[in-house]
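Notes follow the structure.
Number of protein chains: 4
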Amino acid sequence: MDDITDPANLPRRKLSREERRLQLIEATISVIAENGFARTTLGEVARRAGLSHGLANFHFESKEKLLAATLDHLSDEYRANWQAALAVAGPHPADRIAALIAADFAPVICTPDRLAAWCAFWGEAQSRPLYQAHCGSNDAEYQRLLDGLCRELLALGGYPGDAVRMARVLRVTTEGVWLDLMTMQAPYDRDEALATVWAVAAAFFPRHFGPEGRLTV
Amino acid sequence: MDDITDPANLPRRKLSREERRLQLIEATISVIAENGFARTTLGEVARRAGLSHGLANFHFESKEKLLAATLDHLSDEYRANWQAALAVAGPHPADRIAALIAADFAPVICTPDRLAAWCAFWGEAQSRPLYQAHCGSNDAEYQRLLDGLCRELLALGGYPGDAVRMARVLRVTTEGVWLDLMTMQAPYDRDEALATVWAVAAAFFPRHFGPEGRLTV
Amino acid sequence: MDDITDPANLPRRKLSREERRLQLIEATISVIAENGFARTTLGEVARRAGLSHGLANFHFESKEKLLAATLDHLSDEYRANWQAALAVAGPHPADRIAALIAADFAPVICTPDRLAAWCAFWGEAQSRPLYQAHCGSNDAEYQRLLDGLCRELLALGGYPGDAVRMARVLRVTTEGVWLDLMTMQAPYDRDEALATVWAVAAAFFPRHFGPEGRLTV
Amino acid sequence: MDDITDPANLPRRKLSREERRLQLIEATISVIAENGFARTTLGEVARRAGLSHGLANFHFESKEKLLAATLDHLSDEYRANWQAALAVAGPHPADRIAALIAADFAPVICTPDRLAAWCAFWGEAQSRPLYQAHCGSNDAEYQRLLDGLCRELLALGGYPGDAVRMARVLRVTTEGVWLDLMTMQAPYDRDEALATVWAVAAAFFPRHFGPEGRLTV
DNA sequence: GATGAATGAGCCTTCATTCAT
DNA sequence: GATGAATGAAGGCTCATTCAT
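Chains as they are written, first to last, in full-length UniProt numbering: chain A, 1 to 217; chain B, 1 to 217; chain C, 1 to 217; chain D, 1 to 217.
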């Protein structure tokens, strides 16, 4: 009855807290991406994770907290991604800006599921306080960093213009092409998306960002 | 009891089909903006319009169709706005591009409610087929137009670069700053938003779009 | 504006009270037959009658009363039918019983719509008081008549058995084959239905009801 | 507060799936019988079962499927009843026909609630496809059996007549007296109902079915 | 008479949450 | 830890009824 060698007992083996949480968070991203915020239910999340209905509540206490944890996960993952990219980038501001741009289209980050989940969080007014609470500081950190890099490169290159606006354009262009990838019926591919953001950098910093997607420092 | 000024008697006043539909659509935009897609209920829409919930179904048959009609309304309104702007713009491509950019930030269009509603429709996976069906052709028309104008201006000004990408950047930058206006805790104002998009145009077409938000043809 | 020769005014011409009522009752029978009791709505009845929604209530005050009037109509029609059949039948009890049986399968009465409506009224518990109130006396009259005829024929023919039971069997067999016509996937036709009831009469009164559906008095 | 005898705690007691399903099906039969098809609501069914309305959907997914399960239950119960009766009946066709007739008036089957529910399913056009899908095969099996028995007895006894029609009359007479029990204000009792069907058998097969409800083989 | 907009009660269904096992 | 039965609030929708026009 309690034979641990019985295969029927195997699926029931208890996973660690953290493993279960991650499993449920990934399922949540997937469900949000596919069904949208409005039709994301705990039941569907649990089903996709191959778990029972009640377990999601057991691990996260409430749907609200599961969504918050999901947003946290996405935000941390995003931050870790660009930080890793920065770590291996050269010291020149153009290098670092290029690294940040490229990082946004890394295969781990620029996944259909993850893009759709981001869009859902942006679009849902209900989630705005959630978003502020969980991504606000990460976003602000990113923005300060990009602002600084643009200011440095502006000074180095003697370019005209407003660094804050340029940083903003770089950021929102990325978000915009992400939206395109979600919204359009026959969207362009990830390379074209990256090239589009690169074109912005090339327009702002023509002597550093070449037309062919290469740095020309 | 028969006091016609009694507000309780007002809802029973009959309006024409079109007036009621518009009233309900405006209420829908308002509710989506405030509560998000997931928490937009027929009941709340009706309450905000000061009507009974049954009336929404009477006029639109279902929630789905009310949302579709709302999206149609937004889409038509947006299209009418930029077409009107084009109608009074000069023939030069720079004039026309500037008109299109400015139109996106017209007070009628760039309303908090309307921006939030647009974002909600973009973000909700559930509404993607709806969006395609109701805005797809308008979007495509806008994009073709902007593509053509960029191509003309590129040729006229002897600028380097890819017209399609430039048109795309102009469009997604607008969407991006709209998102900022929705997402940020302390967003910049509409003028700064417009200036941001203008900065893109100035970077792409420096001899036509001056740094001060003025055409320099 | 009030040109009576304008063809557009023709469909609006006001019908007499009785014509409208009949029109609505026929529509009700049709809707009950097709959709069943549970899905019979005033709206559908009005639509099928080609009239406006509110008119049904205007003429019948409530749905309940429309159904009652429909049942009255069916009941009166049924009664009128067998009374007419009796009026032209000979005086012999066998003649009169045969006339009653045949009357139940007259093309005017034994219509799919009407059968289905009868079944609906029988089946719907809710309508049982309604049924009693509106058909009870007609049913009782019919039953007394048939009881009497069976008693006479029993005496005349020297048959054994209980007249009341025989009358009951004749009646319920008719109802039963009606139900068959409604319930079965591939029911037999009206002639076979009539032959079935005739077979009962032939079993009870073999010297009067021949095997070939002919009286053998 | 934790008193297990407190009735308020009872509903929270968990039962197995099958027990709950049966409980809800019995409640459904009862509500259909009392209120009719049109006024059978999940809420009323749940209330009568002493459960929450959500549970009905939990166990049956939809009202439609609850009704289908109810019909299945009735149909299986009916079939099991006459099969059990056949199992203990003698081999002679008259014995078997008599067993079938008597089975239809067994106290378990011929309950007011169950009769009313049957009538409701017959009468409601909406439920006709449901009926075909769930009772069609059982009905056909019963009919084939009765056809065969009548044919055998006809041959054995040298009776004139059409076996199929006789079988049909036996069946519809049963249904008809059932309807009487439902429809009439002061119906006769179950014994008289049985005697009525017996009278039919006696008329068809006089040398086997005696006038006193006894087989005379 | 006739129309159809408007109301609101009531239904079916979904789903977050609780909790006995 | 894990399961899944049970609850009940809330949402979408239908429809009988009312009533201004």
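C-beta atoms are modelled at their ideal positions from N, C-alpha and C, and glycine is treated no differently.
What residue range is occupied by the uninterrupted alpha helix (DSSP H) comprising C/Ala120?
Residue 120 of chain C sits at position 120 when you count from the first residue of the third sequence. First-last of the alpha helix (DSSP H) with C/Ala120: Pro112 to Gly123.
What residue range does the alpha helix (DSSP H) around B/His92 cover?
Numbered from 1 along the second sequence, position 92 holds the residue referred to as residue 92 of chain B. No alpha helix (DSSP H) contains B/His92, which DSSP labels as neither H nor E.
Could you check whether the Cβ of A/Met1 sits closer than 9 Å to any Cβ belonging to chain B?
In the first sequence, counting from the first residue as 1, residue 1 of chain A sits at position 1. Below a pLDDT of 50, predicted positions are generally treated as unreliable, and A/Met1, at 41, falls in that range; the measurement from the model is reported next regardless. No - not a single Cβ of chain B is within 9 Å of the one on A/Met1.
Is it buried or exposed, B/Val197, if we count other Cβ atoms within 10 angstroms and call 16 or more buried?
Position 197 of the second sequence, counted from the start, is the residue given in the question as residue 197 of chain B. With 16 or more Cβ atoms within 10 Å of its Cβ, B/Val197 is classed as buried.
Give the DSSP bridge partners of B/Leu215, in chain order.
Residue mapping note: residue 215 of chain B aligns to position 215 of the second sequence, counting from 1. Answer is B/Phe209.
Under 7 Å between beta-carbons, which chain C residues line up against D/Arg114? List them in chain order, please.
To locate residue 114 of chain D, count along the fourth sequence from 1; it is residue 114. By Cβ distance, chain C contributes nothing, its closest Cβ being about 13 Å from D/Arg114, past 7 Å.
Expected contact under 8 Å - CB spacing of B/Gly148 and B/Phe205 to nearest Å
For this step, residue 148 of chain B is matched to residue 148 along the second sequence. For this step, residue 205 of chain B is matched to residue 205 along the second sequence. Contact flag wrong, Cβ pair sits at about 15 Å.
Do you know offhand how far A/Leu115's Cα is from B/Gly50's?
The residue you call residue 115 of chain A lines up with position 115 of the first sequence. The residue you call residue 50 of chain B lines up with position 50 of the second sequence. Going by the C-alpha atoms only, they are around 38 Å apart.
Rounded separation between A/Asp3 and A/Ser16 - CA only
Walking along the first sequence from the start, residue 3 of chain A turns up at place 3. Walking along the first sequence from the start, residue 16 of chain A turns up at place 16. Residue confidence for A/Asp3 is low, a pLDDT of 44 falling below 50, so the modelled location carries little weight and cannot support an answer.
Run through chain D and tell me which residues come within less than 7 Å of C/Phe105, C-beta to C-beta.
Locating residue 105 of chain C in the third sequence gives position 105, where the first residue counts as 1. Within chain D, no residue comes near C/Phe105; the closest Cβ sits about 14 Å away, beyond 7 Å.
Grouping DSSP H, G and I as helix and E and B as strand, with all else coil, what is C/Arg39?
Looking up residue 39 of chain C in the third sequence gives position 39. The answer is coil: DSSP assigns C/Arg39 none of H, G, I, E or B.
Quick one: which chain A residues come within Cβ less than 9 Å of B/Tyr131?
Residue mapping note: residue 131 of chain B aligns to position 131 of the second sequence, counting from 1. The contacting residues are Thr183.
Taking 9 Å as the CB-CB limit, is D/Ser62 close to chain C?
Taking the fourth sequence and counting its residues from 1, the one referred to as residue 62 of chain D is at position 62. No, D/Ser62 does not count as interfacial toward chain C.
Please list, in chain order, the chain A residues whose beta carbon lies closer than 8 Å to that of B/Thr45.
Here residue 45 of chain B is taken as the residue at index 45 of the second sequence, counted from 1. Thr is not the amino acid found at residue 45 of chain B; the sequence shown has Val there. By Cβ distance, chain A contributes nothing, its closest Cβ being about 15 Å from B/Val45, past 8 Å.
Through-space distance from D/Gly54 to C/Gly213, alpha-carbon basis:
Position 213 of the third sequence, counted from the first residue, corresponds to residue 213 of chain C. Position 54 of the fourth sequence, counted from the first residue, corresponds to residue 54 of chain D. One C-alpha to the other measures close to 57 Å.
Measuring straight from C-alpha to C-alpha, what distance separates D/Ala195 and D/Gln83?
Position 195 of the fourth sequence, counting from 1, holds the residue named residue 195 of chain D. Position 83 of the fourth sequence, counting from 1, holds the residue named residue 83 of chain D. Cα-Cα distance, rounded: 21 Å.
Less than 9 Å between the beta carbons of D/Arg96 and D/Asn138, yes or no?
As a working note, residue 96 of chain D is residue 96 in the fourth sequence. As a working note, residue 138 of chain D is residue 138 in the fourth sequence. No, they are not a contact pair.
Quick check: A/Pro107 and A/Leu181, are their CB atoms within less than 9 Å of each other?
The residue given as residue 107 of chain A occupies position 107 in the first sequence. The residue given as residue 181 of chain A occupies position 181 in the first sequence. Cβ atoms of A/Pro107 and A/Leu181: not closer than 9 Å.
In terms of alpha-carbon separation, which member of B/Leu67, B/Phe60, B/Ala85 and B/Arg207 lies closest to B/Leu154?
Counted from its first residue, the second sequence places residue 154 of chain B at position 154. If we check each option's Cα against that of B/Leu154, B/Arg207 comes out closest.
Measuring only between beta-carbons, confirm whether C/Ser210 sits less than 9 Å from chain D.
The residue labelled residue 210 of chain C in the question sits at position 210 within the third sequence. Note on identity: in this sequence residue 210 of chain C is Gly, with Ser being the wrong assignment. No, because no Cβ of chain D sits closer than 9 Å to the Cβ of C/Gly210.
Contact set between the region 137-163 of chain A and chain B, restricted to residues whose Cβ is under 8 Å from the partner:
Pro160, Gly161 and Asp162
Return the CA-CA distance between B/Ile29 and A/Leu74, expressed in angstroms with no decimal places.
Translated into the one-based positions of the second sequence, residue 29 of chain B becomes position 29. Translated into the one-based positions of the first sequence, residue 74 of chain A becomes position 74. Taking the straight line from one Cα to the other gives about 29 Å.
Counting only C-beta atoms, is residue 223 of chain A closer than 9 Å to chain B at any point?
An answer regarding residue 223 of chain A cannot be provided, because it is not within the stretch 1 to 217 covered by chain A.
Inter-stretch contact (C-beta, 8 Å, three-pair minimum) for the region 124-131 of chain A and the region 31-41 of chain B:
yes
Buried or exposed for D/Ala133, going by 16 or more other Cβ atoms inside 10 Å?
Taking the fourth sequence and counting its residues from 1, the one referred to as residue 133 of chain D is at position 133. With fewer than 16 Cβ atoms within 10 Å of its Cβ, D/Ala133 is classed as exposed.
For B/Leu179, would you say it is in contact with chain A, using Cβ-to-Cβ distances shorter than 9 Å as the test?
If you number the second sequence from 1, residue 179 of chain B lands on position 179. Taking Cβ atoms only, chain A reaches closer than 9 Å to B/Leu179, which makes this a yes.
When we look at the beta-carbon of C/Gly43 and count the other beta-carbons within 10 Å, is it buried (16 or more) or exposed?
Stepping through the third sequence from its first residue, residue 43 of chain C is reached at position 43. Exposed: under 16 other Cβ atoms inside 10 Å.
Can you name the residues of chain C whose CB is closer than 9 Å to the CB of D/Gly36?
Numbered from its first residue, the fourth sequence carries residue 36 of chain D at position 36. Correct list: Phe37, Ala38, Gly123, Glu124, Ala125, Gln126, Ser127 and Arg128.
Whose C-beta lies closer than 8 Å to the C-beta of A/Ala202 among residues of the same chain, with five residues either side of it excluded?
For the purposes of this step, residue 202 of chain A is identified with residue 202 of the first sequence, where counting begins at 1. Correct list, in chain order: Phe209, Gly210 and Pro211.
In chain A, which residues lie less than 7 Å from B/Ser173 when you measure between Cβ atoms?
Start at 1 with the first residue of the second sequence, and residue 173 of chain B comes out as number 173. Before going further, note that residue 173 of chain B is Thr rather than Ser in the sequence given. Chain A residues near B/Thr173: Val169, Val172, Thr173 and Gly176.
In chain order, what residues of the same chain have a beta carbon less than 8 Å from the beta carbon of D/Pro93, not counting five sequence neighbours either side?
Position 93 of the fourth sequence, counted from the first residue, corresponds to residue 93 of chain D. Result list for D/Pro93: Leu149, Cys150, Glu152, Leu153 and Leu156, in chain order.
Whole alpha helix (DSSP H) elements within the region 46-87 of chain B, 4-residue minimum:
53-60 and 63-87
Answer yes or no: does any C-beta atom of chain C fall closer than 9 Å to that of D/His165?
Along the fourth sequence, read from residue 1 onward, the residue named residue 165 of chain D stands at position 165. Note on residue identity: the sequence assigns Arg, not His, to residue 165 of chain D. With 9 Å as the cut-off, D/Arg165 counts as an interface residue toward chain C.
Whole angstroms is fine: what's the gap from C/Leu86's alpha carbon to D/Ala69's?
Numbered from its first residue, the third sequence carries residue 86 of chain C at position 86. Numbered from its first residue, the fourth sequence carries residue 69 of chain D at position 69. Straight-line Cα distance between these residues: approximately 47 Å.
B/Ser30 (DSSP reduced to helix, strand or coil)
In the second sequence, counting from the first residue as 1, residue 30 of chain B sits at position 30. DSSP places B/Ser30 in helix when its eight states are reduced to three.
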